[in-house]
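S.K.: Residue numbers (my numbering): 1 to 66. Backbone N, C-alpha and C fix where the C-beta goes; we use that ideal spot for every residue, glycine too.
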């Protein structure tokens with residue numbers, strides 16, 4: 001998936017697999033991640049918020065692995 005701004009420049013580019021798009025929980029994570037990435041690209045998130053979101057995402061990965 002490629003999101004471009006009005007000038008045609010790539011803002012966010014991601015690849016997803018079928019499981020991410022078929023499973024409701026994984027799809028929610030995809031949408032949340034895209035939303036976060038767009039906010040970051042637009043400069044609308046403070047660095048401390050970005051760090052907190054990354055920590056939260058890392059916690060989700062560790063929880064899923066257990």
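Starting from the C-beta of residue 21, find all residues in its chain whose C-beta is less than 8 Å away, skip the five residues before and the five after it, and write them out in chain order.
M.R.: For the purposes of this step, residue 21 is taken as residue 21 along the chain shown, with counting starting at 1. Here the set comprises 27 and 30.
S.K.: Name the one or two DSSP bridge partners that residue 13 has.
M.R.: As a working mapping, residue 13 is identified with position 13 in the chain shown. Answer is 2, bridged to residue 13.
S.K.: By DSSP, does residue 54 sit in helix, in strand, or in coil?
M.R.: Position 54 of the chain shown holds residue 54. Correct three-state label for residue 54: helix.
S.K.: Using only alpha-carbon positions, find the residue among 14, 24, 7 and 19 that is nearest to residue 35.
M.R.: As a working mapping, residue 35 is identified with position 35 in the chain shown. Answer by Cα proximity: 14.
S.K.: Tell me, to the nearest whole angstrom, how far the beta carbon of residue 51 is from that of residue 12; I am working on the premise that it is less than 8 Å.
M.R.: Sequence index remark: in the chain shown, residue 51 carries index 51 (1-based). Sequence index remark: in the chain shown, residue 12 carries index 12 (1-based). 19 Å between Cβ atoms; not a contact.
S.K.: For residue 23, name the three-state secondary structure that DSSP assigns.
M.R.: Numbered from its first residue, the chain shown carries residue 23 at position 23. In the structure shown, residue 23 sits in coil (DSSP, three-state: anything other than H, G, I, E or B).
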